[in-house]
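Quick note, the sequences are listed as chains A and B, same order.
Just so we're aligned, residue 1 is where the first sequence starts under the UniProt record's numbering, counting upward by one.
Just so we're aligned, residue 1 is where the second sequence starts under the UniProt record's numbering, counting upward by one.
Using N, Cα and C, we set each Cβ at its ideal position, and we do this for glycine too.
Remember, it's a predicted structure, so these values are computed and weren't measured experimentally.
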Amino acid sequence: MTSTLPIVDHPSAAREFVTNEPRSHWHDDSLWFVRSKRDKQAQSIPEWEYLREQASTIKNHTIAKLPEYLQQFEANATRLGAVVHWAADAEEHNRIVLELLRRNDTLRIVKSKSMLTEECGLNEYLIDNGIEVVDTDLGERIVQLRGETPSHIVLPAIHIKKEEVGDTFHQHLGTRAGESDPQVLTEAARGHLRGKFLSGEVGITGVNFAIADTGGLVVCTNEGNADLGVSLPRIHIACMGIEKLVPRFQDLSVFTRLLARSATGQPITSYTSHFHGPRDENSELHIVLVDNGRSKIRDSKTFRESLNCIRCGACMNTCPVYRRSGGHSYRATVPGPIGSVLGPAKNAKAHKSLPFACSLCGSCTDVCPVKIPLHHQLLAWRKVLVGKRLVAWNKRMAMKAASFLFRNPTLFAAAGYFGRVSLKVLPKSLTHNRFNTWAKDRDLPEPPKESFHEWYAKNRPSGAATASKEERS
Amino acid sequence: MSVALFIPCYIDQFFPDVAIATLTLLERLGVQVEYPAGQTCCGQPMANTGCDAETAPVAKQWVERFAGYDAVVCPSGSCASMIRNHYADYFGPDDTEFQHLRENTYELCEFIVDRLGVRSIPGRYPRPASIHSSCHGLRELRLGACSENMTPREDKMRLLLESLDGIELKSLTRVDECCGFGGTFAVAERETSVAMGIDRVTDHISSGSEVMIAGDMSCLMHMGGLIRRRNMPMSVKHIAEVLVEAMQEGSPDADRASSALTNP
Ligand code: SF4
C-alpha cells in the first residue's frame, strides 16, 4: 500500500468519461436525481441548518478532544466484552485482521461495505493471503465481480448501467444473457449472496458511528447486509477510522437525521444497527481503530475540519465536476470534493491535480451536513501545492507574468491593446489554433475597439474622477 | 457618499460596454461615481491558482487605489467576493484601510438594493429571459438563496429584474448549477468545463428564454463563447446592460424614472 502511487492527472483521467456524452449525461442525471431527493428532504425539516450547525459543533468538539474520547470508547467497549485493537496505518490494520482470521482458521469472510477497508486495501490483501472475500453490499458486489473499485462512497456502482450489470451477472452468476431487469438481477444477487452469507465464517463491517460514552457501534445500511453478515458468523470484526466517534448516545440523533437525507434523500437508512459488545458468550466482537494519516490531518489547522466527514457522499452528488467526470477519474478511494481534500493529505504528489479538479462553485460546502468548508479547503490545498512546488511551472510562470502586468497599469493597458488588436486583425485560424485551449470549443470575445479605460478618458474628460489616492488627499 | 467604480481587468479590456452600462446605471440612480486611475485586477486568477506571493502585491495595490472611498462598486460577484472573502490573507487584522474596504465593497446589485435601498427599476424589458446566478455571487456573497442551503435569502438580481415591465423570467430545471468557467479550470479541465457550460446553456434555452442574464461577465464570456461557436439561439447580457436598456426603453416618461430613483 505504501508503494509509490502513480501521479493522477485528473483532466486526462476524466477525458474518456466526460467526452462520452451519453454516458456522462446519464451519470450526471442519476446523481442529480439523488441530489434533488436530498433537497426535498432537507426542505422538509425546518431546522435543517440548525442540525448542520449542531453536527459541525459536535464533530469539532470531538476531534479536538479525540484522545480522551478514544480512551473512553475503548474502556466502555472493552467493558461490554469487545476487544479493541489499534492500527497506526493500513498495513497494521490489515495484519490485525488477517491475524484474527488465521487464529480462527477462517477461509472465507463476508464483508459489508466499508470505505475504510477499501482505503486500506483489505480485500486484495486477504485474497493474496488465500482468503475468500465476499462484499455483500449489492453495488459493492457488482464492482467486485467486475474487478473494479467503487466510484462513489455510498453508491459504489453508480457508474455502471443496468445492462452492464446484466452482462456481469450473466458471466458470473449465470443469469440469462441480455437480462437487464433490475428486479431479476437483484433476485439473482440475493440468491447468490444468501449462499455466501451462510458459508461466511467471519463477518467484517465498517462503522458509521462509535459512541464514546456507551462503547457501542452503529452501522447504517440499506440492504441489511451488515446485520446478516455478522449475525450468522461467530466473529464480528468492525473496522473504523478514529474520527468516527461521537461523544454521547444522544449526539447520534443529529447525525442519523442528517446522514441518510444527505446521502440518498431517504429520511433514514433502512437499517441503523447498534452493536454493544459481542452477541453472546460464544461470540467475539473485535474493533480495529485505524489512524492511517488521520492524526496528521488533525494536526493541521487548515484541514482539520475534513475529519468531520461522515461519508454521506452528498458533496459528490452535488459536484458538477464529479457528476460529469465520474468517480474513477479521481483515482482515489474517496473521490469528489472530500476526496480531493483527503487525497493530497495522504500523498500530495500523487494527488496534486485533484484540488484543481474544481470550478470553486462552492456547492459542496453548502451541501455538506457537517459544514466542512470544502471549496475553501481545496483552495487552501492549491496554495500548499504551490508552496511544495507541485504546480506545473508554466502555470506558475503565467501567474508571475500576470501579476507583473497587473502591477503595472500602463503595461497592462498596452498588453490589452495589443491583445484586442491582434484578435481583430489576425485571421481566425491563427487566434483559434490548437494551442489555444480556450478556443478549441469556445469563441473568444469579439474584441471591442477600445477599453473602458480609453472610453472613460474620452467621455469623462473632466477626469476629476480618475485622480489617484495621492492626488486626492 | 464617495463611491468608486471598480472595473475588473477583463471587463475593462473585453467588455467595455458592460462597464459603461454600470457607470450609466449608477449615474441614473443618482450616484456620483469616480473611476480611480491605475486600477487593474483584484488578483483572483493568481489567488485561485494558489500563487499567494503573486497575489499579495496586486491586492496591496488594489487597496491603495481604492482607499479613502466610502464604498466601492463592482459589476462582478466573483471579484467583489475576492476582496470581501479572500483578501484577509494578505492584510493584518488591524489594517483599518483594508477592513473598511472589505466591509464596503459591493457587487452591483447588492449595492443598489442594500446600500441605495432601491428595490425596483422603472423600465421595460419585454422579452423572455432567464437568470444565471453565478456561484461566487450566490455562495460566497449570498446575493440570493442557493438550492443546497435552507437559509432563506432575498435574491437581489431577481428582485431588480422582476421589477421591470414586461419581463418574462423563465425557470430553469437546475436553478443554480455552475457554468463550468472556474478561471483556469476552463482551460486546465477543458472537457469538463465545456460539458458543464453546454448543459447550462441548454437548460436556459429549453426554458424558452432568449436572453441569459448574469451579474458575472466571466460566466457569460465562457457560455457566450460556447453559444457563438455553436450558433445557439440565445444571447447573453450582463444585468447592468439589461437594466440600462430597460430604463431607456421604458422611459418615454423619463420623469417617472428619475423621481422613483432617489439617492439616500
Ligand atoms: S465532506 Fe460532507 S458532504 Fe462530503 S461526504 Fe463528507 S460529510 Fe458528506
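Give a yes or no on contact between the segment 336-351 of chain A and the segment 22-30 of chain A, applying the rule of three or more CB pairs nearer than 8 Å.
-> Using a C-beta cut-off of 8 Å, the segment 336-351 of chain A makes no contact with the segment 22-30 of chain A, since fewer than three inter-stretch Cβ pairs fall below that distance.
Pull out every residue of the segment 219-253 of chain B whose Cβ sits closer than 8 Å to any Cβ of chain A, in chain order.
-> Flagged, chain order: 221, 222, 224, 225, 226, 228, 229.
Can the beta-carbon of residue 216 of chain A be found less than 8 Å from the beta-carbon of residue 286 of chain A?
-> In this structure, residue 216 of chain A sits away from residue 286 of chain A, with a CB-CB distance that is not shorter than 8 Å.
May I ask whether a heavy atom of ligand 1 can be found less than 7 Å away from the beta carbon of residue 212 of chain A?
-> No, Cβ of residue 212 of chain A sits at least 7 Å from all heavy atoms of ligand 1.
Check residue 115 of chain A in the structure and name its three-state DSSP category.
-> Here residue 115 of chain A sits in helix by DSSP.
Closer than 8 Å by C-beta to residue 205 of chain B: which residues in its own chain qualify, once you throw out the five before and the five after it? Chain order, please.
-> Apart from the 5 residues on each side of it in sequence, residue 205 of chain B sits with its Cβ closer than 8 Å to the Cβ of 232, 233, 234 in its chain, given in chain order.
With burial defined as no fewer than 16 other Cβ atoms inside 10 Å of the residue's Cβ, what is the status of residue 268 of chain A: buried or exposed?
-> The residue in question, residue 268 of chain A, is exposed, as its Cβ has fewer than 16 Cβ neighbours within 10 Å.
Quick one: is residue 165 of chain B buried, meaning 16 or more other Cβ sit within 10 Å of its Cβ, or exposed?
-> Counting C-beta atoms within 10 angstroms of its own C-beta, residue 165 of chain B has fewer than 16 neighbours from the protein chains shown and is therefore classed as exposed.
Regarding residue 315 of chain A and ligand 1, is the C-beta to nearest heavy atom distance less than 7 Å?
-> Yes, the beta carbon of residue 315 of chain A sits closer than 7 Å to at least one heavy atom of ligand 1.
With distances taken Cα to Cα, identify the nearest neighbour of residue 167 of chain B among B/73, B/75, B/250, B/47.
-> Relative to residue 167 of chain B, the option among B/73, B/75, B/250, B/47 whose CA is nearest is B/250.
Inspect the CB distances between the segment 401-417 of chain A and the segment 50-59 of chain B and report whether three or more fall short of 8 Å.
-> Counting Cβ pairs under 8 Å, three or more are found: they touch.
Hey, out of B/133, B/113, B/43, B/103, whose CA is closest to residue 67 of chain B's CA?
-> Nearest in C-alpha terms to residue 67 of chain B, of all of B/133, B/113, B/43, B/103, is B/103.
So residue 42 of chain B is in the beta strand (DSSP E); what residue range does that whole segment cover?
-> That residue, residue 42 of chain B, is in no beta strand (DSSP E); it is neither H nor E in DSSP.
Quick one: does the C-beta of residue 310 of chain A sit closer than 7 Å to a heavy atom of ligand 1?
-> For ligand 1, at least one heavy atom lies less than 7 Å from the Cβ of residue 310 of chain A.
Comparing the CB of residue 374 of chain A with every heavy atom of ligand 1, is any distance shorter than 7 Å?
-> Checking the Cβ of residue 374 of chain A against ligand 1 gives yes.
Do the CB positions of residue 75 of chain B and residue 18 of chain B come within less than 8 Å of each other?
-> Closer than 8 Å, so yes.
Going by DSSP, name the residue or residues bridged to residue 169 of chain B.
-> Beta bridge pairing from DSSP links residue 169 of chain B with B/129.
List, in order along the chain, the chain A residues whose C-beta lies closer than 7 Å to that of residue 151 of chain B?
-> Near residue 151 of chain B (Cβ distances below 7 Å), the residues of chain A are 49.
Per-residue burial, residue 15 of chain B [other beta carbons within 10 Å of its own, 16 or more giving buried] | A residue is called buried once 16 or more other Cβ atoms fall within 10 Å of its Cβ, and residue 15 of chain B is buried on that count.
Does any heavy atom of ligand 1 sit closer than 7 Å to the C-beta of residue 262 of chain A?
-> A distance criterion of 7 Å places the beta-carbon of residue 262 of chain A in contact range of ligand 1, judged by its closest non-hydrogen atom.
Give the residues of chain A in contact with residue 99 of chain B, contact being defined as C-beta atoms less than 9 Å apart.
-> Those within 9 Å of residue 99 of chain B in chain A number zero; the least Cβ separation is about 17 Å.
Could you check the C-alpha separation between residue 51 of chain A and residue 258 of chain A for me, to the nearest Å?
-> For residue 51 of chain A and residue 258 of chain A, the distance between alpha carbons rounds to 8 Å.
Terminal residues of the continuous beta strand (DSSP E) containing residue 242 of chain A?
-> Segment: none, residue 242 of chain A is in no beta strand (DSSP E) and carries neither H nor E.
Note down, in chain order, every chain B residue with its Cβ under 7 Å from the Cβ of residue 388 of chain A.
-> By Cβ distance, chain B contributes nothing, its closest Cβ being about 10 Å from residue 388 of chain A, past 7 Å.
Please report the residue range of the alpha helix (DSSP H) in which residue 214 of chain A lies.
-> Looking at the DSSP string, residue 214 of chain A is not in any alpha helix (DSSP H), and its letter there is neither H nor E.
Could you confirm whether any beta carbon from chain A is found closer than 8 Å to the beta carbon of residue 16 of chain B?
-> Yes, its Cβ sits closer than 8 Å to a Cβ of chain A.
Residue 49 of chain B to residue 351 of chain A, Cα distance in whole Å?
-> Counting only the Cα atoms, residue 351 of chain A lies some 16 Å from residue 49 of chain B.
State the DSSP-derived secondary structure class of residue 272 of chain B, mapped to helix, strand or coil.
-> Limits of chain B in this structure are 1 at one end and 264 at the other, which puts residue 272 of chain B out of reach.
Closer than 8 Å, CB to CB, is residue 456 of chain A near chain B or not?
-> With 8 Å as the cut-off, residue 456 of chain A counts as an interface residue toward chain B.
Same chain, Cβ closer than 7 Å to residue 240 of chain B, neighbours up to 5 away in sequence not counted | Sequence-distant Cβ neighbours of residue 240 of chain B in its own chain, meaning closer than 7 Å and more than five residues away, are 18, 21, 22, 25, 75, 108.
Would you verify that the beta carbon of residue 49 of chain B is, or is not, closer than 8 Å to some beta carbon of chain A?
-> Closer than 8 Å to some Cβ of chain A, the Cβ of residue 49 of chain B qualifies, so yes.
Straight-line gap, residue 171 of chain B to residue 338 of chain A (C-alpha atoms, nearest Å) = So the alpha carbons of these two residues sit roughly 31 Å apart.
Which of the three DSSP states, helix, strand or coil, is assigned to residue 289 of chain B?
-> Absent from the model: residue 289 of chain B. The displayed extent of chain B is 1 to 264, so no value can be given.
Using 8 Å as the limit for Cβ to Cβ distance, is residue 18 of chain A near chain B?
-> Yes, contact with chain B.
Hey, is residue 239 of chain A close to ligand 1, as in C-beta under 7 Å from one of its heavy atoms?
-> Result no, Cβ not under 7 Å from ligand 1.
Residue 106 of chain B - containing beta strand (DSSP E), residue span | Annotation: the continuous beta strand (DSSP E) that includes residue 106 of chain B extends over 105-107.
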